[in-house]
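K.L.:
This is the structure, below, for whatever I ask next.
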Amino acid sequence: MSLDQTSLKGTIRQQGGKGGARRLRNTGKIPAVIYGKGHDPVAVSVDPLELKAAIATPHKFNTVITVKLDEGGDKLVLLKDYQQHPVSRQLLHADFQEVRLDRQVTVDVPVVLTGKAAGVGDGGILTQVKRVISITCLPGAIPATVEVDVTSLKIGASLHENELTLPAGVKLGGNKNETIATISIPETEAPAAAAAATAAAPAAGAAPAAGAKAAAPAAGAKDAKAAAPAAKAAPAKK
Numbered sequence: 136m137s138l139d140q141t142s143l144k145g146t147i148r149q150q151g152g153k154g155g156a157r158r159l160r161n162t163g164k165i166p167a168v169i170y171g172k173g174h175d176p177v178a179v180s181v182d183p184l185e186l187k188a189a190i191a192t193p194h195k196f197n198t199v200i201t202v203k204l205d206e207g208g209d210k211l212v213l214l215k216d217y218q219q220h221p222v223s224r225q226l227l228h229a230d231f232q233e234v235r236l237d238r239q240v241t242v243d244v245p246v247v248l249t250g251k252a253a254g255v256g257d258g259g260i261l262t263q264v265k266r267v268i269s270i271t272c273l274p275g276a277i278p279a280t281v282e283v284d285v286t287s288l289k290i291g292a293s294l295h296e297n298e299l300t301l302p303a304g305v306k307l308g309g310n311k312n313e314t315i316a317t318i319s320i321p322e323t324e325a326p327a328a329a330a331a332a333t334a335a336a337p338a339a340g341a342a343p344a345a346g347a348k349a350a351a352p353a354a355g356a357k358d359a360k361a362a363a364p365a366a367k368a369a370p371a372k373k
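For the sequence shown, the positions run 136 to 373 when this note's numbering is used.
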């Protein structure tokens, strides 16, 4: 695995506080701090454009950077954090973590799903639950991404961190049982109109609903019934 390693010029800065940071930004530089074991934090200034160029590699934030200081020698670092303007998105501040090539570090790496899951071919839905995992390894062994083949994943199945195949020398650094991806069954619902029609239609031979009135007799039926006895009683003519 090739190591993405770049360099960046840095200047030791003496002035601190908001006023000093504002004056520094007016010159086109931004304040930064280098943290490391065995020494106090080192306050420096760097060019934000040069910093963006330094991490413009496949490893991005996990690019190993050599900060070439005007005083005190060089520092091998990783960019750990930064601040930017909420509107202009310009860099305002950066934090670096000093590293050594022979000492392990813990970093976050993107997870990339590859292949077509078997469950998707059967109508399932693939959902990537987690897109970044924490790993521990030497700085030179940090992968740009961790690729995960989901071809064998079936409907109802899930893939967890402890099932991942990691590059040599790389170990999981976080919760090893967290879910990476799942294949779920798509939800289906009956049309509302059909459901309403089924609920409204009475069963064959069912009694009328409570409170329903009986159908009125056909017109003239009552009068015909009353006239029938009179017709029967009339004497026959001789």
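For each residue, glycine too, the CB sits at the ideal point set by N, CA and C.
1. For Glu296, count neighbouring C-beta atoms within 10 Å of its own C-beta (all shown protein chains included) and say buried if the count is 16 or more, exposed if not.
2. Among Leu226, Leu214, Ala178, which one has its Cα closest to the Cα of Val168?
3. What beta strand (DSSP E) runs, 3 residues minimum, are completely inside the stretch 257 to 324?
4. So with Cβ pairs under 8 angstroms, would you call Asn161 a contact of chain D?
5. Measure how close the beta-carbons of Thr286 and Ala253 come, nearest whole angstrom, since I'm counting them as under 8 angstroms.
6. Should the stretch 259 to 274 be regarded as contacting the stretch 214 to 228, the criterion being three or more beta carbon pairs within less than 8 angstroms?
7. Report yes if the C-beta distance between Lys164 and Ser180 is below 8 angstroms; otherwise report no.
8. Tell me the DSSP secondary structure of Ala156 in three-state form.
9. Check Lys372 in the structure and name its three-state DSSP category.
10. Give the single residue among Thr300, Ala276, Leu294, Val283 whose Cα lies nearest to the Cα of His194.
11. In the DSSP output, which residue or residues are listed as bridge partners for Ile190?
12. Please look up how many angstroms separate the CB atoms of Val244 and Pro278, rounded, as I've assumed it's under 8 angstroms.
13. Determine the DSSP secondary structure at Gly346, reduced to helix, strand or coil.
14. Would you decide whether Gly207 is buried or exposed? Buried here means 16 or more other CB atoms lie within 10 Å of its CB.
15. Might you give, ordered along the chain, the residues of its own chain that have their beta carbon closer than 7 angstroms to the beta carbon of Gly250, omitting 5 neighbours on each side?
16. Could you please give the first and the last residue of the uninterrupted beta strand (DSSP E) stretch that includes Thr249?
17. Taking just the CA atoms, how far does Asp182 sit from Gly155?
18. Provide the residue span of the beta strand (DSSP E) that contains Asp145, from first to last.
19. Can the beta-carbon of Val222 be found closer than 8 angstroms to that of Leu211?
20. Within 10 angstroms of its Cβ, does Asp205 collect 16 or more other Cβ (buried), or is it exposed?
21. Would you mind giving the Cβ-Cβ distance between Thr201 and Gln140, rounded to the nearest angstrom? I have them listed as a contact below 8 angstroms.
22. Mapping the DSSP letters down to three states, classify Pro176 as helix, strand or coil.
23. With DSSP as the reference, label Glu206 as helix, strand or coil.
24. Hey, Leu299 and Val281: beta-carbon distance below 8 angstroms or not?
25. When the Cα of Arg235 is compared with those of Ala188, Thr192, Tyr170, which residue comes out closest?
P.N.:
For this structure:
1. buried
2. Ala178
3. 260 to 263, 267 to 272, 281 to 284, 293 to 295, 314 to 319
4. Protein chain content of the structure displayed is limited to a single chain, and chain D is not contained in it.
5. 7 angstroms
6. no
7. yes
8. helix
9. Residue placement at Lys372 is poorly supported in this model, since its pLDDT is 47, which falls under 50; the coordinates still yield a value, given next. Note: Lys372 maps to coil in three-state DSSP.
10. Ala276
11. Looking at the DSSP assignment, Ile190 forms no beta bridge with any residue, so it has no partner.
12. 6 angstroms
13. Only weak support exists for where Gly346 lies, its pLDDT of 49 falling under 50; the coordinates are left without a value.
14. exposed
15. Asp284, Val285, Thr286
16. 240 to 249
17. 16 angstroms
18. Residue 145 is actually Gly in this sequence, not Asp. Start and end: 140 to 147.
19. no
20. exposed
21. 7 angstroms
22. strand
23. coil
24. yes
25. Tyr170
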